[in-house]
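Taken in order, these protein sequences are the chains called A and B.
With this note's numbering applied, the first sequence has no gaps in its numbers, which climb one by one up to 514 at the end.
With this note's numbering applied, the second sequence has no gaps in its numbers, which climb one by one up to 514 at the end.
There are 2 protein chains.
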Amino acid sequence: MTILVTNDDGIESPGIAALVRAMQQIADVVVVAPDRQQSAVGHALTIASPLRATPYHRNGQIFGWAINGTPADCVKLGVSSLLQSPPDMVVSGINHGSNTSVNAIYSGTVSAATEGTLMGIPSMAVSLDDFSMHADFTLAAQVAAHIAAEMHTYQLPKGTLLNVNVPAIAPSRCKGIRITQQGHSVWQDTYERRIDPHGREYFWLSGQLVPVSPLPDADDLLMAEGYVAITPIHYELTNFAVMEQLRSKVSELPKQEEVPLSDMP
Amino acid sequence: MTILVTNDDGIESPGIAALVRAMQQIADVVVVAPDRQQSAVGHALTIASPLRATPYHRNGQIFGWAINGTPADCVKLGVSSLLQSPPDMVVSGINHGSNTSVNAIYSGTVSAATEGTLMGIPSMAVSLDDFSMHADFTLAAQVAAHIAAEMHTYQLPKGTLLNVNVPAIAPSRCKGIRITQQGHSVWQDTYERRIDPHGREYFWLSGQLVPVSPLPDADDLLMAEGYVAITPIHYELTNFAVMEQLRSKVSELPKQEEVPLSDMP
């Protein structure tokens, strides 16, 4: 089995090193990851400029390919150009910081796994609820290996991936695994208005995640209670329930006069 | 009524100028848009660096705020810091190029409208099926004004926005409006491998959108037939059908020995 490992914190982050060690227990690992921090890039793709793939070394050995692009770029380029044949799995992470609730939309970690799914490869994103560069990845690495090892038994339908969020606790304190839904918490955004050394105004995003309505099965809620939260997500965005309702409400465009070509000015 | 207009092609693009003219027929318009091309940025947010808002002039008049950020940044910053009060609507576009099928995931145009929805504001994304900078926006502008004017009657549920895709034809040739679902076409990606003038290898993304399975209601199909395609989309990513199935398949983590604090090394 070959696993393509990527992330959005960059190839130098401790989280991806922990994930690679965990995946090496069960598979051959190829790392294709951004050459720098790419948090909150969402599903960005690089189309207007070229991509470079540079061998990256760690402890004197080749660790993987560093790409001057986004997490989704890494998966696309890795699968279609760098690997000899498509990998059996794409695993993205371990992210420094959880990707529950609305964060799944902004997350480069989740988008990399989504890209794997779009390419027809079983994929998962693994995130740890700790932003610190000194976070303890023990539990998250254990969880990643556990799920990756039995992933083939889940028979996930085409287009569905796993968004795994791990609480920042010791393995012995973990209450277990829960299958969850994406929570409904949203960011309450504030921009700090500041003045730079040259007297010019700038804005810096800040804010906090606030629960909108408590859902019993929500990923953020169960993670906060000490469970590993696994949410099956897909990229089907249509709100089917609203389609019928809209059909009776959207009015037709006013009829346009057909202008014969010969009458055109 | 106040409408916040943004896009992902940048504040200088012809598409946003056409949209602003259309929206001014029915509302006060405030433009907050990226200062440069931001296609395929997805739902990226700028969190690691400051944002600047610079007045942008067109024909000697202030046209709007140019932001050194992504479409989602523009909506967040506009709503929370630049406008005196939240707008009644967010309209994103008119995009040069359609955002049907999987393109909705990569699209900065759609993400800007999604961000508006996340902030509780009725929102829509409008895209024209023509990449050219000399595209004819007549039909798309007409459609945008038509939908924006009656949007309040649709009573869209919280969290649902409209993804509007317009064929590149004259208004007189348009067959009408259809309520559609997100198509299932995906990109067949290829990276062109090239050598730069200094002998170094680089990769450039190319590819084409191919239909996976034909859906009768698909946005790309109906747009290609000459209809305006309106897809109601939301950011609920959970695949609820898979949740139950996973509960019986994911095995628990092996039990960890509890290590008393006093025994820790």
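We put the CB at the ideal spot given by N, CA and C, even for glycine.
Beta-carbon separation (whole angstroms), residue i vs residue j, contact threshold 8 Å
i: residue 415(B); j: residue 376(B); result: 7 Å
i: residue 269(B); j: residue 278(B); result: 5 Å
i: residue 488(B); j: residue 409(A); result: 5 Å
i: residue 393(B); j: residue 250(B); result: Contact flag wrong, Cβ pair sits at about 14 Å.
i: residue 259(A); j: residue 285(A); result: 5 Å
i: residue 257(B); j: residue 320(B); result: 5 Å
i: residue 455(B); j: residue 345(B); result: That belief does not hold up - the Cβ atoms of residue 455(B) and residue 345(B) are roughly 18 Å apart, past 8 Å.
i: residue 437(B); j: residue 459(B); result: 5 Å
i: residue 332(B); j: residue 302(B); result: That pair is no contact at about 11 Å.
i: residue 347(B); j: residue 472(B); result: 6 Å
i: residue 288(B); j: residue 296(A); result: 7 Å
Closer than 8 Å to chain B by CB, residue i
i: residue 307(A); result: no
i: residue 284(A); result: no
i: residue 299(A); result: yes
i: residue 275(A); result: no
i: residue 271(A); result: no
i: residue 514(A); result: Because the pLDDT at residue 514(A) is just 45, under 50, the model does not fix this residue reliably, and the point stays unresolved.
i: residue 454(A); result: yes
i: residue 470(A); result: no
i: residue 288(A); result: yes
i: residue 255(A); result: no
Proximity test, Cβ basis, 8 Å: residue i and chain A
i: residue 473(B); result: no
i: residue 291(B); result: yes
i: residue 268(B); result: no
i: residue 476(B); result: no
i: residue 251(B); result: no
i: residue 458(B); result: no
i: residue 515(B); result: This structure does not reach residue 515(B), given that chain B is present from 250 up to 514, and the question cannot be answered.
CB of residue i within 8 Å of CB of residue j, strictly
i: residue 357(A); j: residue 324(A); result: no
i: residue 467(A); j: residue 432(A); result: yes
i: residue 252(B); j: residue 267(B); result: no
i: residue 370(B); j: residue 400(B); result: no
i: residue 314(A); j: residue 280(A); result: yes
i: residue 470(B); j: residue 481(B); result: no
i: residue 363(A); j: residue 292(A); result: yes
i: residue 309(B); j: residue 283(B); result: no
i: residue 486(B); j: residue 483(A); result: yes
i: residue 254(B); j: residue 428(A); result: no
i: residue 495(B); j: residue 395(A); result: no
i: residue 336(B); j: residue 452(A); result: no
i: residue 316(A); j: residue 389(A); result: no
i: residue 354(A); j: residue 411(A); result: no
i: residue 477(A); j: residue 435(A); result: no
i: residue 439(B); j: residue 497(A); result: no
i: residue 384(A); j: residue 419(A); result: no
i: residue 475(B); j: residue 422(B); result: yes
Closer than 9 Å at the beta carbon, the chain B residues around residue i
i: residue 500(A); result: 395, 399, 402, 426
i: residue 302(A); result: 450, 451, 452
i: residue 360(A); result: 291, 292, 354
Residue i: contacting residues in chain A (beta-carbon distance under 8 Å)
i: residue 409(B); result: 488, 491
Under 7 Å by beta carbon: chain A residues contacting residue i
i: residue 438(B); result: 325, 329
i: residue 296(B); result: 288, 289, 454
Within chain A, the residues that residue i reaches when beta carbons sit closer than 9 Å
i: residue 431(B); result: 484, 485, 486, 487
i: residue 479(B); result: 495, 499
Chain-ordered chain B contacts of residue i [CB-CB under 8 Å]
i: residue 462(A); result: Those within 8 Å of residue 462(A) in chain B number zero; the least Cβ separation is about 10 Å.
Neighbour list for residue i in chain B, Cβ cutoff strictly below 7 Å
i: residue 435(A); result: 367
Near-chain B residues of the region 307 to 323 of chain A (beta-carbon distance less than 7 Å), N- to C-terminal order: Cβ contacts with chain B come from no residue of the region 307 to 323 of chain A.
Against chain B: residues of the region 377 to 406 of chain A by CB proximity under 8 Å: For the region 377 to 406 of chain A, residues whose beta-carbon sits nearer than 8 Å to a beta-carbon of chain B comprise 391, 392, 395, 396, 399, 402, 403, 404, 405, 406.
Note down, in chain order, all residues in the region 482 to 494 of chain B with a beta-carbon under 9 Å from any beta-carbon belonging to chain A. Hits within the stretch, in order: 482, 483, 484, 485, 486, 487, 488, 489, 490, 491, 492, 493, 494.
If contact means a Cβ-Cβ distance below 8 Å, which residues of the region 335 to 358 of chain A contact chain B? Taking a C-beta cut-off of 8 Å against chain B, the contacting residues of the region 335 to 358 of chain A are 351, 353, 354, 355, listed in chain order.
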